[in-house]
Every structure is written in C-alpha cells, then in structure tokens.
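Take a look at the structure set out below.
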Amino acid sequence: MIFKKIFSTALVITLVGSLLAACSNNNNDKGASPSSSAPEASKPAAESSSASPETKTPQEFRFTLASDPPSLDPALMIDAQSAIVASGLYVGLTRLNSAGSPEPAIAKEWTMSDDGKTYTFKLRDDVKWSNGDPVTAHDFEYSWKRVLAAETASDYAYMLFYLENGEKYNAGEVDASQVGVKALDDYTLEVKLYTPAPYFNSLVAHFTYLPVHKASVDGKPEWAADASTMVTNGPFTLTEWAHGDKLVLTKNPNYYDAAKVSFDKATISLVEEESTVYSLFETDKIDWIGAQAGSVPNDRVPGLVKEGKAEIKTIASTYYYLFNTKQKPFDNVKIRKAFSMSIDRQSVIDNVTKANQTPAFGLIPPSINGMDGKSFRELYPDSGYSTENVDEAKKLLAEGLAESGLKKFPETTVLYNTSEGHKAIAEALIDMWRKNLGVELKLSNQEWGTFLETRKAGQFGIARAGWGADFNHAINFSYDLIHPKSANNDGKYDNQEVGKALDDSLLAKDEKSRLDLIAKAEKIALSDDMAVLPIYYYTTVTMKKDGFEDVVSDYAGNLDWAFGKKN
Amino acid sequence: MIRYISKKFAFMIISLFCLVTATFILMNAVPGSPLQKEKATSEQIQKNLEAYYGLDKPLITQYGIYMKNLVHFDLGISMKKKFQAVDKIISDSFKYSLKLGIASVITSVIVGCILGIIAAMYHRKMLDNLSMIIAVIGLSIPSLVMAPMLQYLLAVKIRAFEVAGLNGPLDYVLPTIALSSASIAFIARLIRSTMIEVLNADFIKTAKSKGLAGHLIVWRHALRNSMLPVVTFLGFLMANVITGSVIIEKIFAIPGLGKFFVQSVSDRDYPLIMGITIFYAVILMISRLLADIAYVLVDPRIRISGGKVGK
Chain A
31 MIFKKIFSTA LVITLVGSLL AACSNNNNDK GASPSSSAPE ASKPAAESSS
81 ASPETKTPQE FRFTLASDPP SLDPALMIDA QSAIVASGLY VGLTRLNSAG
131 SPEPAIAKEW TMSDDGKTYT FKLRDDVKWS NGDPVTAHDF EYSWKRVLAA
181 ETASDYAYML FYLENGEKYN AGEVDASQVG VKALDDYTLE VKLYTPAPYF
231 NSLVAHFTYL PVHKASVDGK PEWAADASTM VTNGPFTLTE WAHGDKLVLT
281 KNPNYYDAAK VSFDKATISL VEEESTVYSL FETDKIDWIG AQAGSVPNDR
331 VPGLVKEGKA EIKTIASTYY YLFNTKQKPF DNVKIRKAFS MSIDRQSVID
381 NVTKANQTPA FGLIPPSING MDGKSFRELY PDSGYSTENV DEAKKLLAEG
431 LAESGLKKFP ETTVLYNTSE GHKAIAEALI DMWRKNLGVE LKLSNQEWGT
481 FLETRKAGQF GIARAGWGAD FNHAINFSYD LIHPKSANND GKYDNQEVGK
531 ALDDSLLAKD EKSRLDLIAK AEKIALSDDM AVLPIYYYTT VTMKKDGFED
581 VVSDYAGNLD WAFGKKN
Chain B
10 MIRYISKKFA FMIISLFCLV TATFILMNAV PGSPLQKEKA TSEQIQKNLE
60 AYYGLDKPLI TQYGIYMKNL VHFDLGISMK KKFQAVDKII SDSFKYSLKL
110 GIASVITSVI VGCILGIIAA MYHRKMLDNL SMIIAVIGLS IPSLVMAPML
160 QYLLAVKIRA FEVAGLNGPL DYVLPTIALS SASIAFIARL IRSTMIEVLN
210 ADFIKTAKSK GLAGHLIVWR HALRNSMLPV VTFLGFLMAN VITGSVIIEK
260 IFAIPGLGKF FVQSVSDRDY PLIMGITIFY AVILMISRLL ADIAYVLVDP
310 RIRISGGKVG K
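These protein sequence lines are chains A and B, in that order. Okay, so the first sequence: first residue is 31 according to our numbering, each after it adds one. Okay, so the second sequence: first residue is 10 according to our numbering, each after it adds one.
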C-alpha cells in the first residue's frame with residue numbers, strides 16, 4: 031500500500047512535471063522566436079543593401095495557395111493557381127492591367143493589318159532571361175510552336191489555334207514552318223491568324239502565350255518541376271519550391287523594369303483548409319486572402335465586410351444551371367422559362383451565398399470589357415432578358431406541360447458536383463420550385479470526375495455549371511457556352527441562329543458590330559430560348575494587411591500581386 | 010524464425026501482386042479520366058494527351074507496361090503534377106508523415122500506458138474514473154473537431170504555437186495531440202482491462218504471496234502480459250499514423266502523404282494512385298510483420314511453441 035502511494039505520487043509528479051516542462055518550453059520558444067527569426071529576416075536585407083546602395087526595409091509579400099501549381103511550364107499550365115505564380119515568374123508580349131486591358135510588356139508596340147489577320151509586334155531589346163540571355167522574337171516563335179506540337183501534349187494548345195495552321199500543326203497535318211508565327215529579326219515578331227481576332231493583343235497576355243528559354247527546355251520536359259532548373263524572364267525568380275509546402279520567389283535583378291518591382295520576396299505557403307488560412311492571416315503569417323489565393327471562410331464574410339476588413343469584388347465568372355434541352359421536360363422552352371422565372375436570385379445571394387454576388391440573367395459577367403472604356407454589361411444590360419414572376423411562371427409551366435403532352439411534371443434530377451456550397455444553392459432552388467411551381471425535383475451529387483463525365487453524357491435534367499474567363503472578351507462567354515458546336519455546351523442547346531450570329535461575330539469588321547452580334551446571340555439564347563439558367567455572377571472576397579498597395583483581384587478574379595508594394 | 014519470416018514475406022509479395030492488379034482494374038473502372046477537364050479541348054488535343062501518357066494503348070498493354078516498370082521500382086511520373094516523379098512525391102511527403110507519426114505513436118503508447126496502469130491499479134477509485142474520463146473524451150472528440158479547436162485556442166488566441174506548418178519541434182505539439190488522442194484512449198482502455206484481468210490471475214497472486222514488491226509485480230509481470238494486445242494494435246496504429254492523416258495534415262497544413270492520397274484519387278492521377286497505394290500496402294504489411302515479430306519477442310509462450318514448430 032505504501033508503495034502504491036509512492037508510485038501514484040511519483041506518477042502525478044511526472045505528469046505535472048511534464049506539463050510544466052511543456053509550458054516552460056513554450057515560454058522559452060516565445061522568447062527565442064524573435065531572435066531565431068531575426069537572422070532570417072536580416073538576410074534579405076543584407077542582400078538587398080549590397081545590391082542597391084539606398085537602404086530600405088525588405089519587402090515581403092506572403093499569401094497561400096490551396097496546393098502546388100500543377101505546372102509552371104507555360105505550355106502545360108491550365109489553372110488559376112499556376113497562373114498566379116507564373117504572373118511573377120514570366121512576362122509576355124503584353125500584360126493585362128488590373129482592369130483587364132492589355133498594356134505593352136515585352137512588345138513595346140504592335141500593328142494590326144487592315145484585314146485584322148496579321149499582327150506585327152516590335153519587341154524591347156533590353157529584356158533578359160534570369161540567366162542573362164536576351165529574350166528575342168525567336169524565343170516566342172519557339173515557345174508558341176512548342177505549345178502546338180503534338181508531342182508537347184498541351185491541354186491549352188487550343189488557345190493558339192488562332193494562329194494560321196495552328197490546329198493543323200497540332201494534328202500533325204502540316205509542319206512547324208507553316209504555323210503563322212515568325213521572327214522576322216531578333217526583335218520583330220510577325221503573327222498570322224486564321225481569322226481576325228481584334229482581341230489578340232489581350233490574348234498574348236494569357237499564360238499559354240508566355241515565352242520559354244529554349245536551351246533550358248528542349249528535351250527536358252521536367253525543367254519546370256524544380257526551382258533549380260527553371261529559367262524565367264519575369265519580375266521574380268523561383269528560388270525555392272518545397273513541393274507540397276511552399277514556394278519562394280525572389281526579385282529578379284535582371285528584370286528589364288526592375289524599378290517597378292517593389293517586393294524583394296514573395297512567400298507562397300500551400301494551405302488547403304480555409305479556416306487555417308484565416309488563422310494564418312489573423313496571426314500575421316500571411317498578408318492576403320482571396321482571389322484564388324486562399325478564401326475567406328463563408329460564415330465570416332458578412333461580419334468581416336460589415337467591419338470593413340474584407341472587400342468584395344465582382345469577377346469574370348458565371349454560376350448557372352444547364353437544362354438538358356434534348357430531353358423531357360426541359361426540351362420545352364416554356365418549362366425552362368417557368369423554372370427561371372420562379373426563383374428569387376437575390377434571396378439565394380442574401381441567404382445562401384452571402385458574398386454580395388450579382389443576380390445573373392445573362393452569361394457575360396460584369397467585369398468583361400465592352401468597348402470605349404465601358405464594360406459589356408454596361409453597353410448591353412441583361413436585366414430585360416427575363417423577369418422573376420411566379421404567377422407567369424405557373425402559367426408557363428401549365429402550358430409547357432400541355433404542349434409536351436405531360437400530365438404532371440416528370441421525375442427530374444438536379445445534378446451537382448459534391449460541395450457544401452453547391453448543395454445549399456441547389457436545396458434553396460428546389461425549395462423555391464416546390465413552393466412556387468408545386469414540382470418536386472431530386473437532388474443528386476457526384477464526385478468531380480464522375481460529375482463531368484455524367485454531365486458530358488447528358489445524363490441529367492438540370493446540372494450545375496460555372497464558367498470563368500480565359501481572356502477578357504465577351505466571345506469567351508458566348509461562343510464557348512451557347513454555340514451549337516461548342517464542346518462545352520453540355521445542355522446540347524441548338525439554335526442555328528445563335529450559331530450564325532456568333533460565327534459572324536468572329537468575322538465582323540469592327541468591334542461595335544462584333545459586340546452587337548454577340549449581344550444578339552446572348553439575347554436569343556437567354557431571353558427567347560432560356561437555353562441555360564443563369565443564377566449569379568461570382569464575386570471574390572479579399573482581405574489584405576494594412577500598408578499593401580496594388581495587390582488586387584484582377585478582372586477574372588485571380589490575385590495580381592507582382593507589381594504591388596508595401597508602404 | 011527465419012522460416013517464419015520468409016513465409017510471411019512470400020505471402021506479402023503475393024498479396025501485393027493481387028492488390029496492384031485489383032487497384033489497376035478498379036482505378037480504370039471508375040468513371041472519369043486523368044485527362045478530363047471542365048473546359049472542353051479539341052479531340053486532337055485529347056488524342057495527343059492520350060498518346061503522351063500511353064492511355065491510347067489497350068488496358069492490358071498498359072497493365073503490362075506498369076508491371077514491368079514496377080519490377081524495376083519505377084513508379085512513373087504524375088499526370089497532374091507535371092513531371093514530378095511519383096517516388097519523389099512519396100519520399101518528399103512521407104518524411105513529414107513519418108516524423109509526425111512516430112511522435113504520435115510514442116505519445117500514444119506512453120500516455121496510454123500510464124493512464125491504463127493508473128486506472129487498473131486504482132480500479133473503481135477516483136483515479137480510475139478520472140483517467141477513463143480523459144480516455145473517453147479523447148476517443149469521442151473526432152480529430153476533425155479536436156484539431157481546429159486546439160489550433161484556435163492555443164495558436165490563434167493564446168499564440169503559444171504556430172497555426173500551421175512543421176518547421177520547429179514545437180510545431181509538432183498540436184498535430185501530435187490531435188493525432189494521438191484517439192489511440193491514447195484506445196491503449197489506455199486496452200491496458201486497463203487486460204491489466205485488471207492479469208492482476209487477478211493466479212501467477213500474480215503467487216507472486217504477491219511470495220512477497221514480491223508491488224512495483225516489481227506491476228512492471229515485470231502485469232505490464233508485460235498486458236502489453237500483448239497493445240503490440241497487436243501497434244502494428245495497425247503504426248501503419249495508420251505514419252502514412253499520414255488527411256484531416257490533421259489539412260488543418261495544420263502539413264505537406265504529408267495523406268492529402269496526396271485523396272487528391273490523387275479525385276484527380277484520377279493514375280500513376281500517383283498506384284504509387285501511393287503500393288506504398289501504403291508495403292508499409293501496412295511491414296508493420297504487421299514487425300508486430301508479429303514483436304509478439305514473439307514479448308510473449309514467451311509464442312516464442313517457445315513457435316520454436317518447437319519451427320524445428
């Protein structure tokens with residue numbers, strides 16, 4: 031018994047002792063952490079002070095991405111995460127400013143031929159690769175042909191199908207010399223297009239058009255998977271890539287416009303969990319959340335916006351539902367209209383999505399450019415496309431069912447890819463349809479890959495869809511989504527008049543008539559035919575630490591950070 | 010012993026072969042493909058991609074190529090993380106999962122044993138109840154809740170620890186607690202129940218009546234015999250925790266293996282799915298084997314009979 035007592039006391043002492051030890055360890059660490067992080071902080075300072083004579087505090091910008099960029103090779107990039115990192119590593123012929131308009135970058139000027147099919151770019155002669163080699167027109171010729179080459183197996187090769195023979199070269203039908211891009215001399219690049227594309231100067235800012243360094247890339251497909259083998263030409267170079275953990279970008283002293291670059295360093299941590307991203311921001315470990323670089327947890331958005339801590343900005347993406355127009359009941363236009371008219375989009379936004387999205391009646395989002403400094407939506411508002419009117423909707427549904435010879439509304443499924451957010455929206459809409467139209471729809475969710483296959487195969491009544499911009503032009507939201515031949519038209523909406531208007535828009539003589547044709551097509555598809563059910567235009571919620579300037583969400587909703595500064 | 014191990018080893022190879030084949034078939038049977046994108050590309054682009062990754066060949070040929078490469082320990086290259094070798098992805102991320110896993114196993118065993126012993130020795134007394142309450146709490150709060158709670162209280166509010174990452178030794182504290190709580194509870198209950206049983210066994214009574222000191226009874230006889238089920242459990246635990254916990258890794262932003270396993274499946278990244286599955290299988294089989302061996306070492310009865318059978 032005495033032993034038991036001693037033993038238990040000893041145990042208690044050890045337990046308490048270990049707890050105390052843990053606590054005192056913390057204290058030690060707290061005390062030590064400023065001193066241990068100090069040498070790290072002083073390192074870049076020493077570097078920058080030796081590089082430039084004027085002393086300034088080192089500027090670092092820190093943010094998160096959800097996971098490793100799948101690739102940092104411009105030819106193979108396909109996603110926003112890669113694009114955000116690449117915007118610091120590369121510079122192309124032009125660069126989009128935060129409003130989404132092209133500005134000269136490597137190309138100091140360009141001319142377009144009268145037929146709109148030939149572009150001639152004059153390149154700056156002072157642009158260098160990070161290894162010191164000059165960036166020339168030949169690099170662009172090489173890089174673009176590399177994207178198109180079948181053996182590169184680039185997903186985004188179609189971005190370069192604008193080039194004459196681009197698509198044929200990709201299919202191996204012609205050889206590389208017949209592709210419509212040619213370096214006339216070291217600093218002149220001539221581009222021949224198969225069709226007029228007045229927005230080509232904006233297209234060349236897209237990541238697929240970025241140049242690569244031939245000697246570092248040729249025969250080394252793995253060149254962009256490691257920091258040590260990457261040669262780039264942008265404002266920053268990749269100095270560290272700990273896969274799955276973080277990327278560190280350091281200011282590139284060889285950059286031609288280095289005076290414009292304020293940050294000395296950018297640290298990108300890879301953090302998937304939203305609440306963790308937010309905690310990192312709270313504890314001053316990162317400077318930015320939002321615009322594909324982490325997202326503010328949904329439940330916190332209204333509060334943070336009210337306190338003025340978070341900002342909401344509209345982005346070039348549309349959230350919509352596809353109707354299966356080849357199948358009952360949604361092969362009937364009146365039934366489609368009834369479904370669109372019987373929902374309350376603002377209520378979905380206020381109660382479910384809660385980030386001040388804009389109700390959508392068209393497909394082309396508000397941040398897409400129109401002309402003369404006005405956005406497309408300012409010139410062609412979507413407000414008249416359809417109205418929300420429950421009584422009218424009931425009438426249309428009854429008429430539509432009669433026309434289709436249906437006694438009652440058939441069993442129909444709303445399909446979405448598994449996500450709490452999509453589920454909540456679908457439930458809200460199903461509830462509205464139940465209350466307003468008296469119809470019952472089933473909800474079905476599938477994991478992403480399966481969902482895409484099911485949707486492509488047309489096995490749905492209604493399916494969720496979303497579309498984000500590849501480039502800043504209305505054609506990207508019309509031709510791709512409602513053209514009868516578009517491979518993205520999963521609802522199989524087929525109106526030849528829409529197809530013709532969109533085909534004509536590509537050949538239009540001037541921008542005004544082009545936009546008119548696009549607006550006409552959109553109006554037919556969404557006002558007359560209700561081909562798809564637009565719900566809202568996306569927004570992004572962003573937060574940044576005090577003192578940072580010119581780090582913003584760009585028109586498409588991707589973080590634009592490379593030319594930011596800290597005051 | 011050698012014969013015992015080599016037999017186990019042969020079984021391992023056969024199971025591995027079955028597993029690889031089954032995974033290969035199932036993976037290809039699941040709808041979706043690694044080349045699928047939300048935005049449609051041209052048919053030609055899809056063809057180029059298929060040719061590039063060899064997916065245009067008949068499935069049986071693909072299987073043959075994979076098996077051939079596997080025999081040469083070549084796991085291939087990820088289809089989604091462009092040009093990152095699968096074995097490098099695994100080795101880079103496994104080192105984090107391994108370190109965290111070992112920390113968690115050690116914590117589980119030490120804390121679990123202590124709690125279990127206390128509970129057994131003070132059976133139906135206050136200390137017993139207290140340690141069982143701790144154990145039940147640990148078992149019933151899922152790590153999904155425990156991890157963010159620890160993170161919020163200790164890293165955001167008190168700021169005693171970092172929110173995320175594994176850069177210093179202190180960064181291990183929160184994820185280790187979150188990762189170990191359930192296994193601590195399990196071990197504590199295991200030890201308690203077997204130890205109560207053992208403490209009532211005849212040979213303990215004999216030892217007591219011989220006048221053996223209390224602590225000697227606990228350490229030399231009771232604990233050793235109570236450890237048997239724990240050792241069995243350790244095999245599973247080891248394989249479970251060192252291969253990474255998806256939830257813990259996600260919440261504490263640890264670049265471990267767990268998240269790749271989940272991600273590779275939703276990405277349909279065939280080479281990565283295969284690579285990680287094989288790796289998991291090997292880890293699991295090896296830890297089972299080690300557990301079997303440890304079993305023999307701990308339990309004299311198995312050692313004796315095993316020896317006889319062996320001869």
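Glycine is no exception: its CB is placed at the ideal position from the N, C-alpha and C atoms.
Asked	Found
Alpha-carbon spacing of Pro-74 (chain A) relative to Asp-294 (chain A), whole angstroms	For Pro-74 (chain A), the predicted model reports a pLDDT of 40, less than 50, meaning its position is unreliable and no value from the coordinates is stated.
Through-space distance from Met-76 (chain B) to Val-29 (chain B), alpha-carbon basis	9 Å
Residues bridged to Trp-140 (chain A) [DSSP beta-bridge criterion]	A:Phe-151
Local Cβ density within 10 Å of Ile-22 (chain B), reported as buried at 16 or more and exposed below that	exposed
Chain-order list of residues whose beta-carbon lies under 8 Å from that of Asp-155 (chain A) (same chain, five-residue window excluded)	Pro-164, Asp-216 and Tyr-217
Beta-carbon spacing of Pro-359 (chain A), Thr-442 (chain A) below 9 Å	yes
Classification of Lys-336 (chain A) by the beta-carbon crowding that lies within 10 angstroms, buried from 16 upward	exposed
Presumed contact (8 Å Cβ cut-off) between Asp-317 (chain A) and Phe-578 (chain A), rounded CB distance	6 Å
CA-to-CA distance, Phe-311 (chain A) to Ala-458 (chain A), given in whole angstroms	32 Å
Length at least 3, wholly inside the region 411-458 of chain A: the beta strand (DSSP E) runs in chain order	443-447
Minimum Cβ-Cβ distance from Asn-57 (chain B) to chain A less than 9 Å	yes
For Gly-125 (chain B) and Ile-200 (chain B), believed in contact at Cβ under 8 Å, the rounded distance	3 Å
Cβ of Glu-171 (chain B) within 9 Å of any chain A Cβ	yes
Residues that Asn-399 (chain A) bridges to, as DSSP identifies them	A:Ser-405
Within-9 Å CB hit, Trp-478 (chain A) to chain B	yes
Beta-bridge pairing of Gly-320 (chain A) - partner residues as DSSP gives them	A:Ala-323
Reduced DSSP secondary structure (H/G/I, E/B, other) of Ala-272 (chain A)	strand
Any C-beta of chain A under 9 Å from that of Thr-50 (chain B)	yes
Per-residue burial, Ile-86 (chain B) [other beta carbons within 10 Å of its own, 16 or more giving buried]	buried
Pro-134 (chain A): first and last residue of the uninterrupted beta strand (DSSP E) it sits in	132-134
C-beta contact flag for Gln-322 (chain A) and Thr-141 (chain A) at 9 Å	no
Neighbour flag for His-452 (chain A) against chain B, beta carbons, 9 Å	no
Cα-Cα separation, Phe-170 (chain B) to Glu-270 (chain A)	25 Å
Neighbourhood of Gly-249 (chain A) by C-beta distance below 8 Å, restricted to the same chain and skipping five residues each side	none
Chain-ordered chain B contacts of His-236 (chain A) [CB-CB under 9 Å]	Neighbours of His-236 (chain A) on chain B: none; closest Cβ ~13 Å, over 9 Å.
Assumed close pair Tyr-349 (chain A), Tyr-568 (chain A) - CB separation to whole angstroms, cut-off 8 Å	6 Å
Euclidean distance between Cα positions of Pro-99 (chain A) and Asp-109 (chain A)	8 Å
C-beta neighbour in chain A for Ile-260 (chain B), strict 9 Å	yes
Own chain residues within Cβ distance below 6 Å of His-513 (chain A), not counting five before or after	Gly-529 and Leu-532
Beta carbon of Ile-345 (chain A) nearer than 9 Å to that of Pro-395 (chain A)	yes
DSSP three-state assignment for Asn-57 (chain B), whether helix, strand or coil	helix
Ser-296 (chain B) vs Leu-243 (chain B) beta-carbon contact at 9 Å	yes
Chain A contact residues for Gln-71 (chain B), given Cβ-Cβ distances below 7 Å	The premise fails here: Gln-71 (chain B) is roughly 17 Å from chain A at the closest Cβ pair, so nothing lies under 7 Å.
Pair within 9 Å by beta-carbon distance, Ile-226 (chain B) and His-132 (chain B)	no
Classification of Leu-473 (chain A) by the beta-carbon crowding that lies within 10 angstroms, buried from 16 upward	exposed
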